[in-house]
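One structure is given here, and the rest of the page talks about it.
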RNA sequence: GCCGGGGUGGGGUAGGUGGUUAUCCUACGGGACUGUGGAUCCCGCGACUCGGGUUCGAAUCUCGGCCCCGGCCCCA
């Protein structure tokens, strides 16, 4: 029998699960502080949900199958499309903006490597409707706030706007498909390939120069003025630039200044339309991106009424990898706070009574289930990391007392049975 | 899909020019030891990724598969 895990999957043991739980609950707390509400969608969807958006090519990158009713299904490769589907089906007439977040695993049929698995987790959010610089700013501020709360060091937020590049190309009457191809080349970050393509295209040399310059533009809000000069007379691109400028000004009101403007961000996706941002942790290596998002128009590509949305998702596993590599103290809980140890077989019954009492009062408690000797119990309790051991002895019980051992100091104290709860809680 | 490096008890490891019973730490089980024994000591359990080849003999050499690690492609 084959007992190994499928390729690209992982088991998470106690310690790792605790770390992941701490991080997930921190993110939940922050998102909820920004008035986002959690949703959950199915692990599998109709295959067409994903092919409609990204074309049939993606089929070889996802886990798809036919069920017994010959329905074509796929394990979800991401969560934006399912959320858009949910919105279309049930929320189109809900008051805007709709703010929701999700946490769940996604599946892609890819070659596993650093920071890349076949089952991976995304923690993200979508704000549907209510597009404004304020909305975009709040989202970016929330992403940044989340990482600060987790005390992640060395992350870089890169912020751009696709409307600038698209605007230039639109005004040159470049057809959509060609535009997508160019954006793809820009996203790759390989100047040679881009140049080769542009050389063969019919794009004016002047425009080409501007494109090259813009995708190199990085830095503080000063670059916006430089870009403005470059874009003289190109109204569509200027409009996008103005939007970005407004966003930058609004970010200042959200006390956000730790980002880099990067007009070379293209994000391979064709449904992104406006502001885009990505967050990197360079120390992670090849898969350094831990977050990506922006403004998009997905609902429209699904045939719904046009509504602008903004969203982003953390690559949860990469975020974990970054935090763990920085050895962040994640406030891990131990499995049990208290261990109840019968000193002799005769007090086992009393030990269960005490353990149940503690548990009903919300104290994580472990008790001897293996009829082991005291030495083993103390050793086990030590391994568990409990703070206190309640020693249940015959002689003490006769006087209505219990011995409580502090595992850190080794000191012991006799306590009245009735005062146990108070003593433990203090 | 491509390139490179790997895989030894539950966890972490030594051995690698072929040659007795495969090293050590830890964890686990038992005992010294039936109310303080979380210590110490003793005993025990437990592994060469899988399959083929070379060989009298393979953890070691060789070929292939699987999986892991790193990189490329891709990355919604």
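Residue numbers (the working numbering): 882 to 1307.
No residue lacks a Cβ here, since even glycine has one placed at the ideal position from N, Cα and C.
Roughly how many angstroms lie between the CA atoms of residue i and residue j, to the nearest whole one?
{"i": "residue 1080", "j": "residue 1023", "result": "41 Å"}
{"i": "residue 1265", "j": "residue 905", "result": "24 Å"}
{"i": "residue 897", "j": "residue 1286", "result": "29 Å"}
{"i": "residue 1164", "j": "residue 943", "result": "28 Å"}
{"i": "residue 959", "j": "residue 1003", "result": "8 Å"}
{"i": "residue 932", "j": "residue 939", "result": "7 Å"}
{"i": "residue 1183", "j": "residue 930", "result": "9 Å"}
{"i": "residue 922", "j": "residue 986", "result": "11 Å"}
{"i": "residue 1232", "j": "residue 1032", "result": "42 Å"}
{"i": "residue 1152", "j": "residue 934", "result": "8 Å"}
{"i": "residue 951", "j": "residue 927", "result": "11 Å"}
{"i": "residue 1293", "j": "residue 914", "result": "44 Å"}
{"i": "residue 946", "j": "residue 990", "result": "13 Å"}
{"i": "residue 1090", "j": "residue 1146", "result": "17 Å"}
{"i": "residue 1258", "j": "residue 1220", "result": "9 Å"}
{"i": "residue 937", "j": "residue 954", "result": "13 Å"}
{"i": "residue 1098", "j": "residue 1056", "result": "25 Å"}
{"i": "residue 1107", "j": "residue 984", "result": "40 Å"}
{"i": "residue 1101", "j": "residue 971", "result": "41 Å"}
Since residue i and residue j are thought to touch, with beta carbons under 8 Å apart, how far apart are those beta carbons, to the nearest angstrom?
{"i": "residue 886", "j": "residue 892", "result": "7 Å"}
{"i": "residue 1008", "j": "residue 1016", "result": "6 Å"}
{"i": "residue 1084", "j": "residue 1045", "result": "15 Å between Cβ atoms; not a contact."}
{"i": "residue 1159", "j": "residue 1168", "result": "The Cβ separation is near 12 Å, so there is no contact."}
{"i": "residue 873", "j": "residue 1118", "result": "Lying outside 882 to 1307, the shown extent of the chain, residue 873 is not represented and no answer is given."}
{"i": "residue 1144", "j": "residue 1129", "result": "With 8 Å as the limit, residue 1144 and residue 1129 do not qualify as a contact, their Cβ atoms being about 12 Å apart."}
{"i": "residue 1124", "j": "residue 976", "result": "Going by Cβ atoms, the distance from residue 1124 to residue 976 rounds to 24 Å, so no, they are not a contact pair."}
For residue i, which residues of its own chain have a beta-carbon under 8 Å away from its beta-carbon, when the five flanking residues on both sides are left out?
{"i": "residue 1228", "result": "1273, 1274, 1275 and 1278"}
{"i": "residue 1072", "result": "1093"}
{"i": "residue 978", "result": "1008, 1009, 1010, 1011 and 1016"}
{"i": "residue 1053", "result": "1084, 1085 and 1088"}
{"i": "residue 1180", "result": "965, 968, 969, 1009, 1186, 1187, 1188 and 1190"}
{"i": "residue 1066", "result": "1074, 1075 and 1078"}
{"i": "residue 1212", "result": "903"}
{"i": "residue 1020", "result": "1006, 1008, 1174, 1191, 1192 and 1193"}
{"i": "residue 1289", "result": "1268"}
Going by other Cβ atoms of all chains shown within 10 Å of its Cβ, with 16 needed for buried, is residue i buried or exposed?
{"i": "residue 1063", "result": "buried"}
{"i": "residue 981", "result": "buried"}
{"i": "residue 1269", "result": "buried"}
{"i": "residue 1205", "result": "exposed"}
{"i": "residue 1260", "result": "exposed"}
{"i": "residue 1291", "result": "exposed"}
{"i": "residue 1137", "result": "buried"}
{"i": "residue 1271", "result": "buried"}
{"i": "residue 1042", "result": "buried"}
{"i": "residue 1198", "result": "buried"}
{"i": "residue 1196", "result": "buried"}
{"i": "residue 912", "result": "buried"}
Kindly list the residues whose CB is nearer than 6 Å to the CB of residue i, restricted to its own chain and excluding five residues on each side of it in sequence; keep chain order.
{"i": "residue 1140", "result": "1038 and 1040"}
{"i": "residue 1135", "result": "1018 and 1022"}
{"i": "residue 1126", "result": "1105"}
Considering only residues of the same chain and omitting the five flanking positions on each side of residue i, which have a CB-CB separation below 7 Å?
{"i": "residue 1112", "result": "1118, 1119 and 1122"}
{"i": "residue 1240", "result": "1246"}
{"i": "residue 1051", "result": "1117"}
Let me check you understand the geometry: is the CB of residue i closer than 6 Å to at least one non-hydrogen atom of the ligand ADP?
{"i": "residue 1071", "result": "The model on display carries no ligand, and the ligand ADP is accordingly not part of it."}
Next item on the list: Kindly provide the ranges of any alpha helix (DSSP H) runs that are 4 or more residues long and lie completely inside the region 1078 to 1143, ordered along the chain.
Entry: 1086 to 1096, 1103 to 1111 and 1116 to 1134
Item checked: Contained beta strand (DSSP E) runs [length at least 3] in the region 971 to 1042, N- to C-terminal order -> 979 to 988, 1000 to 1009 and 1037 to 1042
Checklist line | Completely contained beta strand (DSSP E) runs for the region 904 to 940, where each covers 3 or more residues | finding: 925 to 927
Item checked: Whole alpha helix (DSSP H) elements within the region 1196 to 1260, 4-residue minimum -> 1197 to 1206 and 1229 to 1241
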